[in-house]
Amino acid sequence: ALELIERLRPDIVLLDVRLPGVSGIEVCRIVTERYPETAVIILTTFTDEQLIAQSIQAGTKGFILKDVERFDLKRAIRAVARGEAAIDTKTAAAVLAQLRRVPPVQSEPLKEPLSSQQIAILRLVAQGLSSREIATQLYLSENTVKGYVQEILHRLGVKNRTEAVMVAVKQGWL
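Residue numbers for the sequence shown follow this note's numbering, so the first one is 487 and each next one is one higher.
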């Protein structure tokens, strides 16, 4: 896999989490370190929360189950190509269920709490919607939604949408 990536330098790589002789998560880590311009989407048959967390830490931009519909896979690839994160709805449901079992974190409150609009956007992000889809639902421009998402990431001190949703669930906001 790494030899092909080195030679072809793709924009996006779809990686099976179980590769012969090596972990897909380790390949993801190597790809994101060596080729930061290449986004990785992990494909798997498992919704194991630990596997999802390891994938996020390795730098994946997407986590998709192999039984996902073709339309949803295309949507995920397009979202990652736009610089967004992608997670299929079954995986999102598994992550949210797991995070809800964890008691809310007692941490320092935000200096500026999230607005009701930001919380609404975060709820839609948790459902796996793209910026364009959120914009359509909330009657906003796509750029406005992207601005809200960037502000949410900044306020929460996270790097991507998946981490933002995880923080929101741990805080009891979703």
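The beta carbon of each residue, even a glycine, is placed where N, CA and C say it ideally should be.
Per DSSP, what are the beta-bridge partners of residue i in this structure?
{"i": "residue 548", "result": "527 and 572"}
{"i": "residue 500", "result": "527"}
{"i": "residue 664", "result": "With the chain represented from 487 up to 660, any question about residue 664 goes unanswered, as that position is not in the structure."}
Would you mind reading off the limits of the alpha helix (DSSP H) that contains residue i?
{"i": "residue 722", "result": "The requested residue 722 does not occur in the structure, where the chain is confined to residues 487 to 660."}
{"i": "residue 600", "result": "Taken as a continuous stretch (DSSP letters only), residue 600 belongs to no alpha helix (DSSP H), as it is neither H nor E."}
{"i": "residue 653", "result": "647-656"}
{"i": "residue 625", "result": "Where residue 625 is concerned, there is no enclosing alpha helix (DSSP H), given that its DSSP letter is neither H nor E."}
For residue i, collect the residues of the same chain with a Cβ closer than 6 Å to its Cβ; drop the 5 residues on either side in sequence, then sort them by chain order.
{"i": "residue 628", "result": "617, 618 and 621"}
{"i": "residue 503", "result": "510, 528 and 530"}
{"i": "residue 471", "result": "The requested residue 471 is not part of the displayed model; the chain covers only 487 to 660."}
Which residue wins for smallest C-alpha separation from residue i, given the options the options?
{"i": "residue 570", "options": "650, 600, 654 and 510", "result": "650"}
{"i": "residue 505", "options": "631, 531 and 542", "result": "531"}
{"i": "residue 661", "options": "635, 560, 489 and 546", "result": "Limits of the chain in this structure are 487 at one end and 660 at the other, which puts residue 661 out of reach."}
{"i": "residue 507", "options": "660, 487 and 566", "result": "487"}
Look at the Cβ atom of residue i, then the Cβ atom of residue j, and state whether they are nearer than 8 Å.
{"i": "residue 635", "j": "residue 653", "result": "no"}
{"i": "residue 501", "j": "residue 529", "result": "yes"}
{"i": "residue 581", "j": "residue 535", "result": "yes"}
{"i": "residue 572", "j": "residue 583", "result": "no"}
Apart from the five residues just before and just after residue i, which ones in its own chain have a Cβ nearer than 7 Å to its Cβ?
{"i": "residue 592", "result": "Residue placement at residue 592 cannot be trusted, given a pLDDT of 48 that sits under 50; what the coordinates show is reported in the next sentence. Answer for residue 592: no residue qualifies."}
{"i": "residue 517", "result": "491, 499, 524 and 526"}
Leaving out the 5 sequence neighbours to the left and right, which residues in its chain are closer than 8 Å to residue i when beta-carbon positions are compared?
{"i": "residue 606", "result": "624"}
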